[in-house]
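Here's the structure, in structure tokens; my notes come after.
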Ligand code: FAD
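Shown next, in the form of structure tokens:
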């Protein structure tokens with residue numbers, strides 16, 4: 007079971023990368039049979055690129071973990087690629103999480119992205135966990151020896167009281183984990199600043215930037231509003247005016263340009279938010295020669 011921490015080696019933010027940058031893809035569990043067929047096709051098409059790892063998100067709500075587990079099991083059963091399962095802890099008990107981790111270990115999953123998740127529709131936080139850092143500890147203590155990732159928000163998490171406390175909590179969480187993957191953002195300067203702020207707090211763990219090709223501007227705008235991501239209006243206006251293959255190509259070109267800047271700034275790899283589509287990710291990988 008390949009561990010992402012081993013793939014990342016000695017990379018750290020702000021330093022020049024040593025070794026080959028990782029290329030990874032994020033997928034979400036499909037909502038219906040058509041979406042499942044589309045995902046299988048996407049996995050086939052992106053599998054040809056031999057990604058460093060793939061990750062599967064975890065929806066909020068009662069069956070969120072089950073739907074993720076079922077896609078993860080399918081990938082582990084038939085595809086030669088390391089998998090990272092997203093696990094959210096808010097709303098869950100310690101025994102739920104322990105059982106899920108046992109299950110992932112039995113499937114041969116080597117990597118867990120330990121997340122708080124969000125309580126549904128602004129309801130109060132319930133269950134045995136409040137912050138992702140508590141889940142990091144539980145994953146760390148599991149005998150499977152998972153490699154543990156956490157979420158980072160270059161533009162600061164929307165629930166954070168201020169930038170300084172956001173960075174302090176992130177540095178503590180990341181210090182106990184192996185690496186972070188970021189929320190999507192559009193200005194490479196945000197990544198460099200995050201790396202510098204973590205380094206100032208003595209945290210030098212690798213931070214893999216998450217890059218979103220804007221193939222669906224309206225949806226991405228909505229996600230950005232929820233995440234506190236700043237939208238570059240000129241790019242979005244340009245993509246809004248395009249359609250079909252032209253839009254996908256332009257979105258991929260813009261994402262590749264950002265990814266190139268991030269790699270030049272020392273990013274250890276690029277994590278692509280695929281939206282379960284392959285075309286943009288293939289073009290980005292070609293443009294970056296990854
Ligand atoms: P935390 O690290 O717990 O942080 C949440 C907030 O609490 C922050 O403001 C932080 O500063 C603050 N905080 C942390 N510790 C403390 C403390 N000790 N005291 C006071 N404040 C504290 N969501 C999903 O539901 N499913 C997914 O699959 C998913 N995948 C994601 C993948 C990536 C790469 C990213 C970046 C996000 C993902 N999310 C996902 C979203 C994430 O669950 C939400 O952003 C959630 O609101 C916060 O999760 P977190 O793990 O960053 O939380």
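In the numbering used here, the protein residues as written are 7 to 296. Ideal Cβ placement from N, Cα and C applies to all residues, glycine included.
Item                                                                                                                                                                    : Value
Using a Cβ-based criterion (distance less than 7 Å to any ligand heavy atom), does residue 168 qualify as near the ligand FMN?                                          : As presented, the structure is devoid of the ligand FMN, carrying the ligand FAD as its sole ligands.
Using a Cβ-Cβ cut-off of 7 Å (strictly less than) and excluding sequence neighbours within five positions of residue 246, which residues of its own chain qualify?      : 223
Relative to the C-alpha of residue 30, which candidate in 88, 295 and 73 has its C-alpha closest?                                                                       : 88
Specify whether the region 272-279 and the region 197-217 touch according to this definition: at least 3 beta carbon pairs, one from each stretch, less than 8 Å apart. : yes
According to DSSP, is residue 350 helix, strand or coil?                                                                                                                : The chain is shown from 7 up to 296; residue 350 falls before or after that span and cannot be answered.
I'd like to confirm something about residue 165: is its beta-carbon nearer than 7 Å to some heavy atom of the ligand FAD, or not?                                       : yes
Check whether the Cβ atoms of residue 115 and residue 82 sit closer than 8 Å, and answer yes or no.                                                                     : yes
Could you please give the first and the last residue of the uninterrupted alpha helix (DSSP H) stretch that includes residue 61?                                        : Looking at the DSSP string, residue 61 is not in any alpha helix (DSSP H); the run it does join, the beta strand (DSSP E), is 59-62.
Which full runs of the beta strand (DSSP E) of 3+ residues lie inside the region 176-208, going along the chain?                                                        : 185-190
For residue 202, is the classification buried or exposed, using 16 other Cβ atoms within 10 angstroms of its Cβ as the cut-off for buried?                              : exposed
Identify every residue that forms a DSSP beta bridge with residue 32.                                                                                                   : 61 and 279
From residue 21 to residue 268, what distance separates their C-alpha atoms?                                                                                            : Note that residue 21 has pLDDT 43, beneath the 50 cutoff, so the model's placement of it is unreliable and no number is given.
Is the beta carbon of residue 293 less than 8 Å from the beta carbon of residue 262?                                                                                    : yes
Run through the DSSP bridge pairs and tell me what residue 92 is partnered with.                                                                                        : 119
Following the continuous beta strand (DSSP E) through residue 153, name the residue where it begins and the one where it ends.                                          : 153-158
Using the rule of at least 16 other Cβ atoms within 10 Å of the residue's Cβ for burial, across every protein chain shown, is residue 143 buried or exposed?            : exposed
Tell me whether residue 137, by its Cβ, gets closer than 7 Å to a heavy atom of the ligand FAD.                                                                         : yes
On the DSSP letters alone, give me the boundaries of the beta strand (DSSP E) that residue 54 sits inside.                                                              : No beta strand (DSSP E) holds residue 54; DSSP gives it neither H nor E.
Would you decide whether residue 183 is buried or exposed? Buried here means 16 or more other CB atoms lie within 10 Å of its CB.                                       : buried
Return yes when the C-beta of residue 189 is under 7 Å from any heavy atom of the ligand FAD, and no when it is not.                                                    : yes
Using a Cβ-Cβ cut-off of 6 Å (strictly less than) and excluding sequence neighbours within five positions of residue 286, which residues of its own chain qualify?      : 219, 221, 254, 257 and 258
Enumerated in chain order, which unbroken segments of the alpha helix (DSSP H) with a length of 4 residues or greater are wholly contained in the region 226-251?       : 239-246
For the ligand FAD, is there any heavy atom lying closer than 7 Å to the beta carbon of residue 63?                                                                     : yes
What does the alpha-carbon distance come out to for the pair residue 19 and residue 206?                                                                                : Reliability fails at residue 19, whose pLDDT of 47 lies under 50, so the model's placement of it is uncertain and the value that follows must be treated cautiously. Using only the alpha carbons, I get a separation of about 12 Å.
Report whether the distance from the Cβ of residue 171 to the nearest heavy atom of the ligand FAD is below 7 Å.                                                        : yes
Of the residues 79, 71, 34 and 69, which one's Cα is nearest the Cα of residue 62?                                                                                      : 34
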